[in-house]
Structure formats: structure tokens, C-alpha cells
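This report concerns only the one structure given below.
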Amino acid sequence: MSDNVLELRDLNVRIATRRGIVRAVDGVSLEVPRGEAVGLVGESGSGKSMTLRAILGVLPAEARVTSGQILLDGRDLVPLGNAELNHIRGPKMSMIFQEPMSALNPVMRVGRQIAEGPEVHLGYSRSRAAERALELMSRVGIPDPERRFHAYPHEFSGGMRQRVMIAIALSCDPEIILCDEPTTALDVTIQDQILRLLTRLCRESGVSLVFVTHDLPVVAQVCQHLAVMYAGQLVERGDVREVLLDPRHPYTLGLVRSAPDFDYVRESLMPIPGSPPSLIAPPPGCRFHPRCDFAEEDCRVTETPLRMLPGGRATACLHYERCSEAAAADRARP
Amino acid sequence: MTRPVPPAERSEPDLPGIAAVPGAEVPSAPGEPLLAAHDIAVWFPYGSQLVARLRHEERLLRAVDGVDLEIARGEALALVGESGSGKSTLALALAGLRRADRGEVRFAGRALPARRRRADQRRIQMVFQDPYSSLNPRLTVGGMLRELLRAHSVVPKSRVAEFSRELLALVGLGEEALTAYPRQFSGGQRQRVAIARALALQPDVLVADEPVSALDVSVQATILNLLRDLRAELGLSLLLISHNLAVVRHLCDRVAVMYLGRIIEVAPAEQLFSTPRHPYTRGLLAAIPKLSQVADDTPAAVLGDPPSPLRIPSGCRFRTRCPIAQARCETEDPVLTATPGDPGHRVACHFAFTPLATEAAGERDQQDWP
Amino acid sequence: MPPGEERAQPRGARRWYRQPALVAGLAIIGILVVLAAAAPLITSYNPITQNLNATLLGPGAQHLLGTDQLGRDEFSRLLYGLRNDMRIAFIAVLFPFCIGIVLGSLAGYFGGWVDVIIMRLVDIVFAFPFYVLVIALVFVLGPGERSIYIAITILGWVSYARIIRGEILVAKRQDYVLAAQSGGLSSVSIMGRHLLPNVITQAIIYAMSDIVQDILAIVTLGYFGLGIPPPTPDLGSMINDGQNFMTTHWQLTTIPGLAVVVVGLGLSLIGDGLADLIRPGQS
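Residue numbers (our numbering), protein chains in the order written: chain A, 4 to 337; chain B, 3 to 372; chain C, 239 to 521.
Structure, rendered in C-alpha cells:
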């Protein structure tokens with residue numbers, strides 16, 4: 004059994020639409036080591052949410068995994084049917100969403116929702132599952148669990164609902180939790196609480212995370228590794244601090260430069276010119292080349308899969324050194 | 003950057019006609035703020051008021067509960083707070099889109115009545131958060147602009163089309179946009195249209211309510227740069243409402259922090275960020291995720307959940323989450339007071355200038371910000 | 239600068255000609271309208287002229303659908319009857335439409351006591367069954383076209399008012415309405431240019447089913463002899479006249495009835511098609 008709880012190998016997800024085949028996820032390979040958090044960053048249309056859904060097996064009807072493997076603990080999930088996936092989803096893998104109000108059942112008491120997982124997947128008795136639910140509720144920081152057990156989701160605040168969702172996700176002691184922008188809708192102070200909670204839980208129980216977001220600093224706070232997606236492809240991967248401080252792909256550099264960072268007030272924010280390409284007919288060669296400051300002739304024609312670099316990093320850029328230099332110049336400026 | 007720019011000194015922008023503000027009222031006295039709010043309160047009654055009266059209860063959601071605010075000409079003030087703070091409601095009240103239940107709003111020293119005259123209404127224009135619902139889907143961009151320009155006779159009828167083109171150029175859109183419908187634009191472009199619309203009436207104050215929150219990160223930068231450039235070119239005052247302090251730091255001269263309907267601290271931007279004096283402000287700053295942060299699970303900056311605006315705590319409204327709350331905080335509501343020796347920095351906390359606060363701050367300082 | 243594409247709404251799938259219901263409905267009504275309008279060209283018989291020598295003839299070369307008990311050509315009567323009834327129905331729906339929309343807009347936009355008064359009026363009218371009251375009103379006012387218009391207007395405006403009020407309550411919270419208010423535009427201007435165009439589609443869809451309701455009302459009135467006074471051809475009175483001859487000349491009563499059904503079907507299809515066009519998946 005490898006050290007990776009989850010591995011994506013050359014994953015391809017295609018969506019059939021009236022206008023053509025959308026290559027939503029295109030050749031994505033990713034590893035999630037046991038007990039660690041991997042951030043998946045990109046803007047809208049990058050394919051990050053679709054990747055998560057493919058892993059969990061909840062793609063929309065028109066979408067399909069056309070090739071590649073999703074290895075959970077070494078076992079490929081792609082060929083599995085829904086029934087078998089159900090078997091695996093609860094106990095080994097769970098997900099938390101951006102909007103807790105739509106993910107929680109509004110007419111079921113919160114305690115029961117948390118207890119449901121162990122009852123169904125782990126065969127716990129009602130009382131044992133309820134005990135576990137109470138235990139989880141205090142673990143995620145919900146005050147007065149005995150009383151709150153019987154409350155309905157609408158009686159909780161946004162941050163508390165998110166904690167409930169985390170409790171549900173933890174209920175069967177999974178090996179990996181998939182997080183789809185879990186803090187985007189929360190206030191800053193509550194987001195801070197939830198991020199610290201997730202970090203603590205990771206450390207205590209050794210569960211791995213795949214954390215999808217568009218917010219770079221948030222990723223820095225929770226994850227050890229970072230993968231950047233653009234137009235359905237992975238363009239850079241590596242240790243989170245290294246990637247953010249020394250980006251080796253122009254898109255990553257662009258993201259870092261355009262996001263207002265509290266600590267470093269730039270003279271002028273540098274937006275990335277242009278807009279994301281169509282996923283039905285993406286540009287030839289490197290998909291980012293039309294918007295790239297460092298683009299050269301070969302970028303227009305050569306395909307750019309992710310290439311490994313020394314030190315555990317990977318990039319899809321053919322001329323990553325230029326980008327690295329630009330980032331260094333940025334840092335040197337006062 | 004912090005000094006307001008008097009009209010005479012404003013640099014001439016590329017496009018003549020935009021800068022001239024016909025009928026502009028010069029502030030009555032130098033130093034008089036352009037826009038001032040005094041003791042503004044906005045309440046939302048809920049449930050049966052009859053029952054409330056019978057039971058001697060107060061069924062009021064106090065969204066804004068007594069706020070004083072000033073914006074000088076050419077200044078950029080940020081209104082910062084989390085959900086439930088009342089910042090959006092306050093913005094609507096200042097822009098004349100929501101009636102204040104108490105207090106008054108003054109423009110250039112003159113009190114504005116509850117139902118504003120057209121000439122006053124155009125002085126303060128607003129840009130909204132959601133680019134998808136802030137443009138009428140049935141009107142072309144040209145149609146929207148024309149309607150406003152004609153209603154206020156901003157320019158003579160013959161010049162309307164030309165002026166519209168100038169407005170679009172100001173926000174970086176070409177004249178093809180005039181005949182396009184909102185659905186043909188992306189989020190970032192729509193915000194630009196919204197900004198052009200807000201500028202059409204040549205306002206003195208632009209109120210921007212979370213103008214970039216609904217946009218992708220790389221697009222946010224374009225809009226923020228645009229706002230900054232427009233301020234410089236047109237000498238606009240800007241009231242920016244945002245929950246994102248990084249955005250605020252890029253754009254604003256002064257910051258006011260709101261919590262549950264009150265302003266609890268106001269100071270020049272850099273001062274607020276380097277020496278925050280209210281425990282909530284400190285917590286807010288510490289909670290901001292930063293690129294340089296390390297994953298850790300030490301206790302969060304601000305604990306607990308914000309109280310519901312329906313049941314605001316007695317005394318100091320922050321006391322339920324405050325690390326230095328004392329007995330006095332439960333009974334006495336702190337008033338916004340100036341720091342001794344620094345009138346520009348005001349705080350609403352009983353212990354802001356005491357060792358109690360600075361000690362707590364000291365512990366935090368070490369670990370949390372650069 | 240090309241307009242962006244990332245969230246532009248796809249229009250392709252929702253072209254009107256791709257909606258089968260809408261196309262079918264328009265076709266049916268289109269044909270009927272053409273027939274009715276061209277009635278003088280299609281048939282040379284005067285629908286009113288009696289010919290007591292040629293009563294109750296079956297369908298044949300001379301008279302496509304035969305003649306009725308007074309020797310009048312049935313086919314012409316059908317065409318002219320359709321013409322009259324459709325005309326009255328289409329006109330009759332306009333008054334409630336306009337009045338209902340105006341009152342509904344006022345109620346929705348201004349709220350307060352304006353809303354209360356208008357809505358209580360709506361509730362009162364709604365409490366009464368439509369057909370019963372229409373018949374009673376026409377009876378009181380005296381049969382004829384004018385009475386029909388009055389009766390239908392008094393009773394019909396309420397549905398539009400309710401629909402529009404509901405839509406406006408939601409629409410007025412949109413930011414673009416706030417923006418219009420911020421721009422100092424007058425309430426009339428805001429209601430007319432910003433709110434109504436965005437909410438009127440629901441009223442139009444409802445109007446389609448309302449016309450059907452009106453046609454049925456007119457036919458019913460005609461059946462009871464309260465509609466357009468004879469000898470002007472009218473589908474309702476034709477049905478009434480023909481029913482005495484059901485066993486021998488069934489076409490006299492059945493064909494006009496079928497005509498009513500077909501008109502109703504066509505209008506309903508248009509309504510459904512429009513609803514699907516505006517809000518796919520919801521009718």
C-alpha cells in the first residue's frame with residue numbers, strides 16, 4: 004500500500020453539450036499523501052470542482068470520466084458502479100461543501116444527520132451512533148452538544164453549520180475529506196476558526212484533505228501541497244510555500260500578482276489580461292499562451308503536460324525559468 | 003494621498019466634460035467634510051408590532067444603531083465589517099436608497115431631507131456587489147446611460163451619444179458596448195458598465211458595496227485598479243464597503259470598522275493596520291489569511307459566533323467574544339472616543355488606552371502579523 | 239473589445255421556433271385567424287340570409303356543411319361566428335390586462351395602504367365564481383357586446399393584478415431597481431422601463447389562458463342567449479340552436495363545439511410554449 008491515500012492518474016472528464024465536447028478535466032495527475040492536505044486552486048472554469056466531483060463519483064449527468072484512474076488506497080474507483088461506490092464513499096471518503104444550508108437536510112435534526120453515517124456504513128446501533136455524534140460535535144467545537152443534538156440546521160449560524168458538516172464528514176472516520184470551497188461563504192473571523200479546526204483535525208486524526216478554493220492565502224493556511232489548475236489542466240504542483248513564493252508557471256505568477264495580499268501592498272495590482280479559453284476548442288499548444296507575457300513560438304504548438312522538476316515540484320511551462328526570474332524581481336522590489 | 007483635493011487643483015483628465023461638475027457646491031468651510039452622517043440609525047421591525055407593544059418587547063432589528071461618519075472631498079473611506087455589521091445598510095442610507103429612522107445625512111454642510119431632490123440624489127451614486135443583478139437585462143448599455151443622462155440633463159441631447167462613449171472609454175470599454183445587452187458581458191465587464199453608469203451623473207461620492215467580491219481573482223485586480231485610477235483622475239470621494247481587508251489596504255485612506263450596527267474604530271488606514279486599538283479589530287486583522295502564513299491550529303483570533311442582530315448584547319456589544327471583557331463592559335456601552343494625542347484615531351472600547359489592552363495586543367503581536 | 243463569453247446565457251436552445259408547443263399553437267391560431275379574417279373571400283353566402291326553401295340540408299356541394307333550420311349556410315355561419323367570437327375575446331382580454339397590470343404594479347411597488355386596498359378588492363372579486371358572475375352581470379346589463387366587455391373587465395383584472403404584484407415584489411429588490419432609484423428616476427419611469435418589461439411575460443402567458451376562459455364565457459353566454467343578439471352568428475347560439483337536431487343533423491351543434499375546442503387548444507399551446515421559452519422546465 005503506497006503512501007498516497009489518493010492518486011489521480013491522467014484523469015479525463017468530458018462533458019457532452021450541444022455545442023461540442025467540453026474537456027472539463029484534461030489529463031490531471033495528482034497525489035495526496037496520507038495525513039496531508041493538498042490544495043487545488045484555480046478560477047471559475049478551471050475544472051477544480053469537476054475534479055472533486057469525479058473523485059467522489061457525483062458528476063452531472065452529461066459528464067463522464069473518459070479515461071484515467073482514481074486510486075483510493077490503491078483501488079481504482081472509475082470502473083465501479085454506484086452501489087460499490089456507496090460502500091466506499093461513506094467510510095473512506097467524504098465531502099464538505101461551500102453552502103452548508105443546501106448540503107444539510109433542513110427537516111432532519113442535526114444529531115441524526117451526523118449519526119446517519121455510522122449507522123448506515125459502520126453498522127452502529129442507534130445509541131452508539133448518537134454517542135459518536137455527540138463526541139464529534141464537541142470535537143468540532145459545537146458548544147452544548149447535548150442540547151444542540153436535537154436542533155435543526157436553520158437554528159445554527161453559518162459557521163456552526165459548517166462545523167456540523169465537518170462532523171458529518173468525519174463521522175465514519177474517513178481517510179480523506181474533499182473540501183469544495185468550504186470557507187468562501189464565511190466571514191473572515193469564522194473562516195479563521197474553521198481553517199484552524201481543519202488543520203487540527205488533520206493533525207489529530209491523520210485524515211487527508213483535498214482543498215479546492217480560488218483563494219490563495221487560504222490554501223497557504225491549511226495545505227502542505229498546492230496544485231494549480233487552468234482550463235482543465237494542471238499547470239503547477241509542489242510544496243505550497245515554494246509554489247507561492249517562487250511560482251514556476253506564468254498563470255500561478257499571475258494569480259499571485261493579481262490577488263490583493265494584505266501583507267504586501269503593490270503599487271498596482273496586475274490583472275491577467277484576456278479571459279479563460281473555451282474548453283470545447285482550447286488553444287493549441289499551451290492553453291495559457293494567449294494570455295502569457297512570456298509566451299514564445301514553441302508555446303503555440305507544443306503540448307505542455309506537467310513535467311517533474313527537482314525538489315518535488317512540477318510545472319507545465321516550457322520556459323519556467325523566466326517566470327521564476329520575474330517572481331524574484333517582484334520580491335526584490337521594495 | 004490622504005489630503006482631499008480641492009476642485010481647482012484637480013488634474014485635468016484626458017476627457018474634458020467628465021470632470022466638470024455643473025452646479026457643484028463648494029463646501030461651506032474648508033475642512034468641512036463633503037459627506038457627513040450624524041447618529042444614523044436604521045431599524046427593521048419584524049413580527050407583529052402590536053404584540054410587541056402589548057408585551058413591552060422591542061421587535062426591531064437594529065441594523066445600524068447610531069453611527070457618525072465623515073468623508074472629506076477626494077478621500078477614500080472603507081467601511082469594514084462582517085455579516086450583520088450593518089455596513090451595507092449604512093451605505094444604502096447614505097446613498098439615499100433607504101430611509102434612516104434616526105439621525106441625518108449632510109452633504110457639503112447641508113442636511114438632506116428623507117426624500118432627496120434629484121439634484122441631491124445624483125451627488126452620491128452607488129455600485130453594487132452583484133454584477134448579474136445590477137444591470138437591467140432589457141436595456142442596452144447605451145439605453146441605460148441615455149436614460150440617466152436625459153433625466154438629469156447632464157449634457158445637451160445632441161451630445162448624449164458622445165458623452166456615453168466617453169464614459170465607456172473612461173472605464174475601458176469600447177463603443178460596441180453601447181448597443182450590447184448585459185447578458186453579452188462577463189462579470190468584470192458588467193462591473194465596468196455599472197461603474198460607468200454610476201459616473202454618468204458626475205457624482206461627488208461613489209459608494210461601492212463589495213464591488214469585487216463576486217468576481218474572479220484575476221478580474222478583481224482590473225476593477226480595483228480602475229477605481230483607484232478614477233479616484234485620481236476625477237477627484238471622487240469613495241466609500242468602499244468590503245469584508246476583504248487586503249482590498250481595503252490597496253484603495254483606501256481611512257478605515258472604519260463596524261460591528262453589529264456601530265462603528266467601533268476609525269483611523270487612517272496604515273495606522274489601523276499597524277496599531278489597532280479595539281480587540282475586534284485586532285482579531286479581524288489576525289484572522290486574515292496571508293500568503294506567508296503557516297498552517298497551525300492555535301486558538302483562533304476571535305472566538306465564538308457573532309450574536310444575532312436581533313439580540314444585541316447589553317453594554318458593549320462585542321463583550322461576548324472579547325478576550326479582555328470586564329464587568330464594566332456588561333453595563334456600560336462604550337462611546338467612540340479619540341485617542342489621546344491623536345484625534346484621527348477613534349475607538350469605542352473602555353480599555354483601549356489601558357495596559358489591559360496593550361498587554362493582550364502584545365501577546366498577539368509576536369505571532370500574528372508582520 | 240468583444241463582449242465576454244464566460245457567463246453569457248445560451249440562446250440557441252431557446253429559440254422560439256424550436257418550441258414545438260409554441261409552433262403548433264401559433265399554427266392553429268394562425269390558420270383560424272386567416273380563415274376568419276378572409277371569411278368574405280372564402281364563402282359567398284351571407285350568414286344571416288335565411289332561405290326557408292333550403293332548410294336542414296346535409297353537407298353537400300352547394301353547402302359545405304349543410305344549412306341550419308332557417309336555411310342559412312352553416313359553413314359561413316361557422317366562419318363568421320369564429321370571427322366574431324375571437325374578435326370579442328381578444329378585445330375583451332385587453333381591458334383586464336391593462337387595468338390589472340397597472341393596479342398590480344402600484345400595489346407591488348408602493349406597498350403600504352395602496353397595496354392593502356387593492357389587494358382587498360382583489361380578494362373580494364376572487365371570492366366569486368367567474369362564470370356565474372359573468373352571466374349574472376350580463377343578464378343585468380342586458381345582452382350584447384358592450385355588456386360582455388364590461389362584465390369581463392370587472393371580473394378579469396384581478397388575476398393580472400395578483401400576478402404582476404407578485405412579480406414586482408420580487409423584481410423591485412433587484413439591484414438594478416436600486417440603481418435606477420439612485421439615479422433619481424421617477425417612480426413611473428422605474429415601473430414602466432425597469433420593472434414592467436421584466437415581469438410582463440408572466441402576464442402575457444396568463445393572458446393566453448385568459449382568452450380561452452373568455453371565449454368559453456362568450457360561448458356560454460351565447461348558448462344562454464345572453465351573447466351577441468341574433469341573427470349575428472355566434473358559436474354559442476349555434477350550439478344551442480343545433481342541439482335540437484342532434485340525432486339527425488349532428489353537425490349543426492358539434493362542429494361549432496369543435497371549433498371552440500380547437501381555438502382553446504391553440505391558445506393553450508401558445509401559452510405553454512411561451513412559458514417554456516421564458517422559463518424552461520416550469521410551466
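Even for Gly, the Cβ is constructed at its ideal location relative to N, Cα and C.
Using a Cβ-Cβ cut-off of less than 9 Å, give me the residues of the stretch 252 to 264 of chain B that come near chain C, in sequence order.
-> none
Contacting positions in the stretch 192 to 226 of chain A - beta carbon closer than 8 Å to chain F | Among the protein chains in the structure shown, which are A, B and C, there is no chain F.
Output the boundary residues of the beta strand (DSSP E) element that contains GLN186 (chain B).
-> Taking the second sequence and counting its residues from 1, one reaches residue 186 (chain B) at position 184. Neither: GLN186 (chain B) is in no beta strand (DSSP E) and is coded neither H nor E.
Looking only at its own chain, which residues have a Cβ that is under 6 Å from the Cβ of TYR1 (chain A), when we skip the five neighbours before and after it?
-> The requested residue 1 (chain A) is not part of the displayed model; chain A covers only 4 to 337.
Do LEU433 (chain C) and ILE401 (chain C) have their C-beta atoms closer together than 8 Å?
-> By one-based count along the third sequence, residue 433 (chain C) stands at place 195. By one-based count along the third sequence, residue 401 (chain C) stands at place 163. Not closer than 8 Å, so no.
VAL66 (chain B) lies in the beta strand (DSSP E); which residues open and close that run?
-> The sequence position of residue 66 (chain B) within the second sequence is 64, counting from 1. 62 to 73 is the extent of the beta strand (DSSP E) around VAL66 (chain B).
Apply the 10 Å Cβ neighbour rule to PRO18 (chain B) and answer buried if 16 or more other Cβ atoms are within range, or exposed otherwise.
-> As a first step, residue 18 (chain B) is located in the second sequence; it is residue number 16 there, counting from the start. Model confidence at PRO18 (chain B) stands at a pLDDT of 39, short of 50, so the residue's coordinates are unreliable; what they give is reported in the following sentence. Per the 10 Å Cβ criterion, exposed.
Could you name the residues of the same chain whose beta carbon sits closer than 6 Å to that of GLU25 (chain A), not counting the 5 residues immediately before and after it, in chain order?
-> By one-based count along the first sequence, residue 25 (chain A) stands at place 22. Contrary to the premise, residue 25 (chain A) reads as Val rather than Glu in this sequence. So the qualifying residues of the chain are ILE18, LEU282 and ILE283.
Measure the alpha-carbon distance for GLN295 (chain B) versus ALA409 (chain C) and round it to whole angstroms.
-> For the purposes of this step, residue 295 (chain B) is taken as residue 293 along the second sequence, with counting starting at 1. For the purposes of this step, residue 409 (chain C) is taken as residue 171 along the third sequence, with counting starting at 1. Those two C-alpha atoms are separated by around 44 Å.
Looking only at C-alpha atoms, which of A:CYS226, A:ALA170, A:ASP176 and A:TYR233 sits nearest to ARG244 (chain A)?
-> For the purposes of this step, residue 244 (chain A) is taken as the residue at position 241 of the first sequence. For ARG244 (chain A), the nearest C-alpha among the options comes from A:CYS226.
Minimum Cβ-Cβ distance from TRP351 (chain C) to chain B less than 8 Å | Reading the third sequence from its first residue, position 113 is the one you call residue 351 (chain C). Chain B, which has no Cβ nearer than 8 Å to the Cβ of TRP351 (chain C), makes this no.
Would TYR347 (chain C) count as contacting chain B if we go by Cβ distances under 8 Å?
-> If you number the third sequence from 1, residue 347 (chain C) lands on position 109. It does not; no Cβ of chain B falls within 8 Å.
At a CB-CB cut-off below 7 Å, which residues of chain A make contact with SER276 (chain B)?
-> Position 274 of the second sequence holds residue 276 (chain B). None at all; the shortest Cβ gap to chain A is about 12 Å.
Using a cut-off of 9 Å between C-beta atoms, extract the partners of SER155 (chain B) located in chain C.
-> One-based indexing of the second sequence puts residue 155 (chain B) at position 153. None at all; the shortest Cβ gap to chain C is about 12 Å.
Report the residue ranges of all alpha helix (DSSP H) runs contained in full by the stretch 448 to 515 of chain C; include only those spanning at least 4 residues, in chain order.
-> 473 to 480
Own chain partners of GLY144 (chain B) with C-beta closer than 7 Å, once the 5 adjacent residues on each side are dropped | Along the second sequence, read from residue 1 onward, the residue named residue 144 (chain B) stands at position 142. Hits under 7 Å: SER166, LEU180 and THR181.
Can you give the Cα-Cα distance for GLN489 (chain C) and VAL370 (chain C), rounded to whole angstroms?
-> If you number the third sequence from 1, residue 489 (chain C) lands on position 251. If you number the third sequence from 1, residue 370 (chain C) lands on position 132. Their backbone Cα atoms lie some 28 Å apart in a straight line.
Whole angstroms is fine: what's the gap from ILE280 (chain C)'s alpha carbon to LEU273 (chain C)'s?
-> Taking the third sequence and counting its residues from 1, the one referred to as residue 280 (chain C) is at position 42. Taking the third sequence and counting its residues from 1, the one referred to as residue 273 (chain C) is at position 35. If you take the alpha carbons of ILE280 (chain C) and LEU273 (chain C), they lie about 8 Å apart.
Look up GLU122 (chain A) in the DSSP assignment and give the residues it is bridged to.
-> Locating residue 122 (chain A) in the first sequence gives position 119, counting from the first residue. In DSSP, GLU122 (chain A) forms no bridge with anything.
To the nearest angstrom, how far is it from the Cα of ALA319 (chain A) to the Cα of CYS326 (chain A)?
-> If you number the first sequence from 1, residue 319 (chain A) lands on position 316. If you number the first sequence from 1, residue 326 (chain A) lands on position 323. Distance between the alpha carbons of ALA319 (chain A) and CYS326 (chain A) is about 12 Å.
Buried versus exposed call for PRO276 (chain A) [16 or more other C-beta atoms within 10 Å across all chains shown] | Your numbering for residue 276 (chain A) matches position 273 in the first sequence. Its Cβ having fewer than 16 others within 10 Å, PRO276 (chain A) is exposed.
Where ARG251 (chain B) sits in the DSSP three-state scheme = What you label residue 251 (chain B) is simply residue 249 of the second sequence in a count that begins at 1. Reduced to three states, the DSSP call for ARG251 (chain B) is helix.
Anything in chain C within Cβ reach of PHE130 (chain B), meaning under 8 Å, just list it in chain order.
-> Position 128 of the second sequence, counting from 1, holds the residue named residue 130 (chain B). Simply ASP413, LEU416 and ALA417.
Going along chain C, which residues have a C-beta under 7 Å from ALA97 (chain B)?
-> In the second sequence, counting from the first residue as 1, residue 97 (chain B) sits at position 95. Near ALA97 (chain B) (Cβ distances below 7 Å), the residues of chain C are SER420.
Beta-carbon proximity list for ARG321 (chain B), same chain, < 8 Å, skipping 5 on both sides | Residue numbering aside, residue 321 (chain B) sits at position 319 when the second sequence is read from its first letter. Hits under 8 Å: PRO315, ALA327, CYS331 and GLU332.
With 7 Å as the C-beta to C-beta threshold (strictly closer), list the residues of the stretch 251 to 262 of chain A near chain B in chain order.
-> GLY257, LEU258, SER261 and ALA262
Which residues does DSSP pair with PRO270 (chain B) in a beta bridge?
-> As a position in the second sequence, residue 270 (chain B) is number 268, starting the count at 1. In DSSP, PRO270 (chain B) forms a bridge with B:ARG256.
Is ALA116 (chain A) buried or exposed, if buried means 16 or more other CB atoms sit within 10 Å of its CB?
-> Indexing the first sequence from 1 puts residue 116 (chain A) at position 113. It should be noted that the sequence gives Gln, not Ala, for residue 116 (chain A). Buried is the call here.
Got a sec: is the Cβ-Cβ distance from LEU423 (chain C) to anything in chain B below 8 Å?
-> By 1-based counting over the third sequence, the position of residue 423 (chain C) is 185. Yes, because at least one Cβ of chain B sits closer than 8 Å to the Cβ of LEU423 (chain C).
Exposure label - SER174 (chain A); buried when at least 16 CB within 10 Å = On the first sequence, residue 174 (chain A) is found 171 positions in, with the first residue counted as 1. Buried, because 16 or more other Cβ atoms sit within 10 Å of the Cβ of SER174 (chain A).
Assumed close pair PRO263 (chain A), HIS245 (chain B) - CB separation to whole angstroms, cut-off 8 Å = As a working mapping, residue 263 (chain A) is identified with position 260 in the first sequence. As a working mapping, residue 245 (chain B) is identified with position 243 in the second sequence. Actually they are not in contact, since the Cβ atoms of PRO263 (chain A) and HIS245 (chain B) sit about 13 Å apart, beyond 8 Å.
At least 3 beta-carbon pairs within less than 8 Å: the stretch 34 to 47 of chain B vs the stretch 58 to 73 of chain B = yes
Determine the contact status of ASP41 (chain B) and GLY68 (chain B), defining contact as a CB-CB distance below 8 Å.
-> What you label residue 41 (chain B) is simply residue 39 of the second sequence in a count that begins at 1. What you label residue 68 (chain B) is simply residue 66 of the second sequence in a count that begins at 1. Closer than 8 Å, so yes.
Note down the Cα distance separating GLY338 (chain C) from GLY394 (chain C), rounded to an integer number of angstroms.
-> Counted from its first residue, the third sequence places residue 338 (chain C) at position 100. Counted from its first residue, the third sequence places residue 394 (chain C) at position 156. Taking the straight line joining both Cα atoms gives about 8 Å.
Residue-level contact to chain C via CB, GLU168 (chain B), 8 Å cutoff | Taking the first residue of the second sequence as 1, we reach residue 168 (chain B) at position 166. No, no contact with chain C.
Contact check, THR491 (chain C) vs GLY509 (chain C), beta carbons under 8 Å | Your numbering for residue 491 (chain C) matches position 253 in the third sequence. Your numbering for residue 509 (chain C) matches position 271 in the third sequence. Contact flag unset, no.
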